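Participant: Have a look at this one before I ask anything.
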Amino acid sequence: MMMNTASSKKAESRPRQGLIDLVFSWSIADVLNKDLYKGKVKEIPKTFSSTADYMNSFIYPLIEETHADLLSSMTNLPGAPMREILDVTISKDFKPPKALLYDITLTRLGEKENGNDKYEPEVGDLIVLTDVRPRCIDDLNRPKRSYLIALVRKAPDENEKEKRKRASDEFLDALQILSSQPIVFDESAADKDKKREKLFAVYLTNLTTNIRIWKALNSELEGGNMNIIKQVLQTDSADGENCTLCSIEVNDSVISKSREVIRPFKLDESQEDAVMRCIATRECNHRNTVKLIWGPPGTGKTKTAASLLFALLGLKCRTLGCAPTNIAVLGVTARFMSLVMNDLQYDTYGLGDIVLFGNGKRMKIDDHEDLFDVFLKFRVSCLVRCFAPLSGWKGMTELMIRLLEDPEGQYNLYLSKVKNDDENHDSEDEADDEQQDGGNGKSSGNQRKKNEINDFKGMKKKGIWKKFIVQILKENKKKKASSQVKCDKGKENGNRKGEAADKCHIPWTFEEFFTKRFNSISKKIIFCFTSLYTHLPTSFISLEVVKVMLKVPGLLQTVGTLLQSVPVTNEDLREVHNGIEGEGTRMRIYNELRMARTECLQLLKFIRETFDVPALTEHYDILSFEYDVRSFCLKNACLIFCTVSSSAKLHTEGKAPLEMLVIDEAAQLKECESAIPLQLFGLRHAILIGDEKQLPAMVQSEICEKAEFGRSLFERQVLLGKGKHLLKVQYRMHPSISLFPNKEFYDNQIMDGPNVKEKTYERHFLKGTMFGPYSFINVSHGVEQFHNSHSRKNMVEVAVVAEILASLFKEYVTRRQRVRVGVISPYKAQVFAIQKKLGKTYSTDVDSEFSVNVRSVDGFQGGEEDVIIISTVRCNVNGAVGFLSNHQRANVALTRARNCLWILGNGPTLINSGSVWKKLVMDAKARDCFYNAIDDRNLAQAITGVEGNLVVAMTWPVNPIPNADTTTLPHDDDDDMNQSLASQLAALNLRNEPGSSTASFR
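Spelled out as structure tokens, the structure:
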């Protein structure tokens, strides 16, 4: 059957291979060919004819971006992280010719201190296998071993690494890799007389996000929901607010309730209106919508997003809140949690409806203790312990009921166990646990393993799992026998150690048994009850049960305190049980103990009879059980936080319908990446919060950049004329700072908040008008130089920055006025130069009283500081400023400061540029905010100190790497890199003084 022409063209418009197959097919020559896909990458249009056309438009740009990323990694090969490979074996899943799967073992992490032997593998890493430590790309194509790359399919997860770390284990990393070619084994390696051939795994890049995007573009995600995708293809400008089919009365009722819910957050009118419009959208069941909330700098995007999510949680609307980066996700989650924690009425009950998940290490979750209770990894570990059949909540509740009802019977059982020589330290032996735990309820590494096995004693066991249990039981017997030997030796020696050891054979007295057993079980019950009402979704644990659980810890503490007040024998407890009346302090305590015991028993029995944990499938091992608990938490959460890329996991784990998607910082997200969450099962509405006037997502490939690959869905919708709701009030910048960006980028639509208008908001950190809230400081004697990365730096501006910081620190020491400073430059080389100049002089910790953070403009997006110093670097007669002229980059740089913004630059250069920076300099002059650096004595001295080195600095090569591949350069490279040395010299206004052989400044 013949295909028609149109169908044939569509079939040929995209590659048949998968992304990994394509990457594996590239030779070194292909990787180094910057034009490999130049002819195939087309500009991504603003409108599309169909969903297939939409998806296809991103395929080749994604391939080219992957190619450019790999090319960049190859050029930085000498400094790439690597580890030596100790062993390579064929995996059990090995199925040629495609599934070339191998198991490899790496050397211990940090075993060799050779600088870059610090590679920690993760799933999705693309690595190159080589028999030498590569110093250049040519080392990968030596005759001995051809070019071979691989994808890490399996690697030690965070839990495994953490367990080994706690056990102080030096461990080898075992990985499963998918190889691009068969690995040829050296047959002579078996000969012990011959030295084993060395093999290294060198990290190139991580392809996880690109693989997820590829699956989304190829409709390989299990969500399969195209409703929102179809909506974003619409070209009409209507935002779908008023649905004629929706009941006005229902909408008004829901909106009124939601307005009351968010009233305590004191949103301004534009913020509250944005939230209410989104709530009204959620109530529409007749169509799918995409809404845009436009949040210029300082207007409270994150606060608005958090308030919206809080309102949606109150409506039990199942929602996904995400953002492009871990930092952004943590930011909106932390802001949301601050609202939630102030609203909780019953301790932490309700947090089980909220989940944050992701890679804890990359998130640096350990620095965010306020988010632990909603972090999925922590939640799963708590619930697994609670759900354990014997040592979980149910087993501990039953043990406590028995102990309080029949303490004498429980003591007799304990005595019979002590006498039993074949005792296997079963998990029900709480007394034995108490001894090994040291009375603190915490287990050592081996004890923890034993407890985990005993917890699953009632489950099905077979195969390796059963053998593992037998092995552990044997180890426990050996330890007991060893302990017996030590005790016997101690007795023979008759020393103190022996006397102490001999006590291990003496059973506890009734008082010791009851007290220790009670304390041990109490700790576990309190942990379990707290974990259950904190981590279970509210749909699985009622408020009635929670109120009872909240009473139990206090009662247990009361009983424990009373037990410590008087010695307790079995006769005493019998009196407590029977309620014998009497006088005196002792009998009063007994009566109080009896009442507390009775009430405690009633509550525990109520919980035992009315509450039960969710039914989870039985498993052969604890890892599978953990996976089921994780899936349960995701499936039943009402509100989920993660990165946009990580939302791919929701297509498979805990799959359940979602109603709403809220993306914060949506304008920083490639449109093709947003296709991952937009296809989630059940999704009906999407809310995009962002600002297209700020920087978009970073794109490595120049070809992709020209094709608009970095453009966001948010920006494309704006270009189509879709309505966006503007947040109109900014609360960050002093009015002197906000004046220019408001006029230049936002058509004066933004108002200054009442807080920034207060007189107290104007802070003077340094004396003199030059260092007021807003100033342009003209550095006329600067020289721009090329760094070896082809980025630019200006050492005169570096000196000026250092001097200003020194003055700020001196004033801080005198006044003790807390200040956070940010130093921004568009050029990486300038950032590195400033960091090198400062060294470790100042703290970078934002919680310290005086902190200094130096970053690129791109790296500072989303940040803010009290004082911002901008180093523009450029200084030439041509007025060439390259990518500095980018409006979005300028907007970000100029809107990070709260109280003071000081801009360093060469006035004539920026004026001659004809860019936004010309407008800025002219505006500064018109507002009397233009100052010359040399008019300040300290700055003039700093500049003079650099001048002596300038002539030497002028000898740098204009293009230090001939025929360099400019596609691999950082994003701060400009189109005027071959500017002549003559123009550089002219920019300095240098002249030769009579009798002098060197140039000097006027």
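Using my numbering, the first residue of the sequence shown is number 18, and each one after it goes up by one. A virtual CB, placed ideally from N, CA and C, is assigned to each residue, including glycine. Here the structure is a predicted model, which is why all the values come from computation and not from measurement.
(1) Could you name the residues that DSSP lists as bridge partners for Thr147?
(2) When you compare the CB positions of Val346 and Phe658, do they come within less than 8 Å of one another, or not?
(3) Figure out for me which residue from Glu239, Gly331 and Gly740 has the closest Cα to the Cα of Lys274.
(4) CB Asp285 to CB Val746, shorter than 8 Å?
(5) Pick helix, strand or coil for Ala703, following the three-state DSSP scheme.
(6) For Cys339, which residues does DSSP report across the bridge?
(7) In the DSSP assignment, what residue or residues form a beta bridge with Tyr829?
(8) Just to confirm the assignment: which complete beta strand (DSSP E) runs, minimum length 3, are found wholly within the segment 371-424?
(9) Compute the Euclidean distance between the alpha carbons of Lys59 and Ile76, then round it to the nearest angstrom.
(10) Note down, in chain order, each residue of its chain lying with its Cβ closer than 8 Å to the Cβ of Asp383, except the 5 sequence neighbours on either side.
(11) Leaving out five residues before and five after Asn772 in sequence, what residues of the same chain have Cβ atoms less than 8 Å from its Cβ?
(12) Per DSSP, what kind of secondary structure is Asp186 in: helix, strand or coil?
(13) What would DSSP say about Tyr363, mapped onto helix, strand or coil?
(14) For Lys810, which of helix, strand or coil comes out of DSSP?
(15) Please report the residue range of the beta strand (DSSP E) in which Ala914 lies.
(16) Run through DSSP, which three-state label would Lys308 get?
(17) Tell me, which residues are paired with Val565 by DSSP?
(18) Going by DSSP, name the residue or residues bridged to Leu118.
(19) Between the C-alpha atoms of Ile821 and Val836, what's the straight-line distance to the nearest angstrom?
(20) Taking C-beta to C-beta, are Leu656 and Leu675 nearer than 8 Å?
(21) Please work out which residues of its chain come closer than 6 Å, Cβ to Cβ, to Val149, disregarding the five sequence neighbours upstream and downstream, and give them in chain order.
(22) Whose C-alpha, out of Ala943, Met380 and Ile144, is nearest the C-alpha of Leu168?
(23) Taking the alpha helix (DSSP H) that Tyr77 falls in, what are its first and last residues?
(24) Within 10 Å of its beta-carbon, does Ala233 have 16 or more other beta-carbons around it, so buried, or fewer, so exposed?
(25) With a threshold of 7 Å on Cβ separation, who are the neighbours of Gly317 within its own chain once the five nearest residues in sequence on each side are excluded?
(26) According to DSSP, simplified to helix, strand and coil, what is Ser273?
(27) State whether the segment 113-122 contacts the segment 72-86, with contact taken as three or more CB pairs (one from each stretch) at a distance under 8 Å.
(28) Identify, in the order they occur along the chain, each residue of the same chain with its Cβ nearer than 8 Å to the Cβ of Ser873, setting aside the five sequence neighbours on each side.
(29) On the DSSP bridge list, what partners appear for Thr1076?
(30) Assign Lys333 to buried or exposed, taking buried as 16 or more other Cβ atoms, counted over all protein chains shown, within 10 Å of its Cβ.
(31) Tyr759: which of Ser163, Gln711 and Glu722 sits nearest, CA to CA?
(32) Excluding five sequence neighbours on each side, which residues of the same chain lie with their C-beta closer than 7 Å to the C-beta of Ala323?
(33) Mind reading off the beta-carbon distance from Phe404 to Phe395? Whole number of angstroms is fine, and I expect it under 8 Å.
(34) What span of residues does the alpha helix (DSSP H) with Ser691 cover, start to end?
(35) Given this structure, state the Cα-to-Cα distance separating Lys320 from Asp681, to the nearest angstrom.
(36) Could you name the residues of the same chain whose beta carbon sits closer than 7 Å to that of Arg627, not counting the 5 residues immediately before and after it, in chain order?
Facilitator: Looking at the atomic coordinates:
(1) Its beta-bridge partners are Phe217.
(2) Using a Cβ distance threshold of 8 Å, Val346 and Phe658 count as a contacting pair.
(3) Nearest C-alpha to Lys274: Gly331.
(4) Yes, the pair counts as a contact, with Cβ atoms nearer than the cut-off.
(5) In the structure shown, Ala703 adopts extended strand secondary structure according to DSSP, grouped into three states.
(6) Cys659 and Ile680.
(7) Beta bridge pairing from DSSP links Tyr829 with no other residue.
(8) DSSP runs (the beta strand (DSSP E)) wholly in the segment 371-424: 371-373.
(9) When the Cα atoms are used, Lys59 and Ile76 turn out to be separated by approximately 10 Å.
(10) Correct list, in chain order: Gly377.
(11) Answer for Asn772: Tyr748 and Tyr778, listed in chain order.
(12) Only weak support is given to the placement of Asp186: the predicted model assigns it a pLDDT of 49, under 50, and the value that follows is read from those uncertain coordinates. If DSSP states are grouped into helix, strand and coil, Asp186 belongs with coil.
(13) DSSP, read as helix, strand or coil, puts Tyr363 in coil.
(14) Strand.
(15) Element bounds for Ala914: Ala914 to Gly922.
(16) It is a strand residue.
(17) Residue pairing from DSSP leaves Val565 without any beta-bridge partner.
(18) Leu118 is bridged to Leu195.
(19) Going from the Cα of Ile821 to the Cα of Val836 covers about 13 Å.
(20) Not closer than 8 Å, so no.
(21) Scanning its chain for C-beta atoms nearer than 6 Å, with the 5 sequence neighbours on each side dropped, one finds around Val149 the residues Asp156, in chain order.
(22) Closest option to Leu168, Cα to Cα, is Ile144.
(23) Element bounds for Tyr77: Ile76 to Thr92.
(24) Ala233 counts as buried, since no fewer than 16 other beta carbons sit within 10 angstroms of its beta carbon.
(25) Excluding positions up to five away in sequence, the list reads Gln288, Leu744 and Tyr748.
(26) Shown here, Ser273 sits in a helix according to DSSP, grouped into three states.
(27) Contact between the segment 113-122 and the segment 72-86 is absent, because fewer than three Cβ pairs lie under 8 Å.
(28) So the qualifying residues of the chain are Ile841, Ser842, Pro843, Tyr844, Lys845, Val848 and Asp989.
(29) As displayed, the chain neither begins before 18 nor continues past 1019, which places residue 1076 out of reach and without an answer.
(30) Classification for Lys333: exposed.
(31) What sits at residue 759 in the sequence shown is Asn, not Tyr. Taking Asn759 as reference, the option from Ser163, Gln711 and Glu722 with the minimal CA-CA separation is Gln711.
(32) Same-chain partners within the cutoff: Val349, Arg352, Phe353 and Leu356.
(33) No, Phe404 and Phe395 are not in contact; Cβ-Cβ is about 15 Å, not under 8 Å.
(34) First-last of the alpha helix (DSSP H) with Ser691: Glu688 to Leu695.
(35) Cα atoms of Lys320 and Asp681: separation of roughly 11 Å, rounded to the nearest angstrom.
(36) It should be noted that the sequence gives Thr, not Arg, for residue 627. Answer for Thr627: Val562, listed in chain order.
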